[in-house]
Amino acid sequence: MTDVTNIIAIDGPPGAGKSSVGREVARQMGYQFLDTGAMYRAATWWAMHNGVDLDNPDSTAASTRAMPLEMHDESGRLKVVVDGHDISEAIRSQEVTQNIYKLDQVAEVREHLVELQRRIGAQAPTVCEGRDMGTVVFPKAKCKIYLDASLDARTLRRQKELEAKGQPIDFETLRAQIHERGEMSRTRKVAPLRPADDAVFLDTSDKTFEEVVTEIIRLARACL
């Protein structure tokens with residue numbers, strides 16, 4: 152059973168800053184960081200790489216169960232390796248992003264990845280981020296935070312991230328994509344995105360990165 156006293160569960164929609172903030176919180180607190188979104192991205196990349204029919208739930212579930220996934224921090228950078236391939240950058244491509252929903256709405260895919268997430272969380276004190284950390288994966292965690300921000304703020308952040316990686320994209324196009332992904336997460340039948348009843352809501356629209364990190368650490372120390 153996972154020691155929920157050592158879990159900081161962060162949920163929220165796309166572009167809320169969960170990954171960057173969560174990784175820094177983990178660094179400052181000496182916790183491991185679990186980027187569950189990267190796991191779904193890796194499963195999507197793996198299925199695409201192997202020519203799996205993404206519209207066939209049985210096929211994507213079998214592909215996910217067979218995926219030889221390795222994830223670890225390397226000098227503050229998340230390294231994702233599948234079957235010897237370093238796919239840390241490949242999983243952030245627009246093609247992968249546009250196809251994640253075909254896997255993350257499959258119950259059997261989620262069940263397998265949730266099991267992996269719980270195993271990782273049981274290994275050491277953990278900051279985890281995703282869509283269902285506080286509601287499904289670690290429902291008894293004592294520290295749950297729901298990060299959100301306006302759609303425009305989330306779009307601008309993601310646009311800057313992509314531009315920094317040499318992947319420029321039109322603001323309105325990206326805004327529509329982020330909105331669509333958020334709605335898919337909120338309305339899916341399996342583990343929909345929503346704040347846990349006991350989560351602390353934190354709007355990051357007008358907060359700096361440092362302010363958000365400081366606030367989460369304060370909240371974590373108060374409840375753990």
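For what it's worth, our numbering labels the leading residue of the sequence shown as 152, then goes sequentially. From the three backbone atoms N, C-alpha and C, an ideal C-beta is built for every residue, glycine too.
query: Completely contained beta strand (DSSP E) runs for the segment 240-311, where each covers 3 or more residues; result: 277-281 and 294-299
query: Whole runs of the alpha helix (DSSP H) within the segment 180-239, excluding any shorter than 4 residues; result: 187-200 and 208-217
query: Beta-carbon gap between G333 and D162 smaller than 8 Å; result: no
query: Classification of D283 by the beta-carbon crowding that lies within 10 angstroms, buried from 16 upward; result: buried
query: Helix, strand or coil at A320 [DSSP, three-state]; result: First, the amino acid is wrong: residue 320 is Ile here, not Ala. It is coil, neither helix nor strand.
query: Under the three-state DSSP convention, the category A327 falls into; result: helix
query: In DSSP terms, what I158 is bridged to; result: T277
query: D351, DSSP secondary structure in three states; result: The residue asked about is misnamed: residue 351 is Val in this sequence, not Asp. DSSP places V351 in strand when its eight states are reduced to three.
query: Straight-line Cα distance separating K316 from T248; result: 15 Å
query: From S244, L298 and P164, residue whose alpha carbon lies closest to that of A193; result: S244
query: Separation of D186 from W197, as counted between CA atoms; result: 17 Å
query: Short Cβ contact (8 Å threshold) for R339 with L302; result: no
query: Reduced DSSP secondary structure (H/G/I, E/B, other) of G168; result: coil
query: Straight-line gap, V172 to P219 (C-alpha atoms, nearest Å); result: 27 Å
query: Neighbourhood of A222 by C-beta distance below 6 Å, restricted to the same chain and skipping five residues each side; result: Correcting the residue identity first, residue 222 is Met in this sequence and not Ala. The answer, listed in chain order, is V231.
query: Contact belief for G381 with G281 at Cβ below 8 Å, rounded distance in angstroms; result: Examination of residue 381 is not possible in this model, given that the chain is present from 152 through 375 alone.
query: For A313, the three-state DSSP class (helix, strand or coil); result: Sequence inspection shows Leu at residue 313; the Ala mentioned does not correspond to that position. Three-state DSSP puts L313 in a helix.
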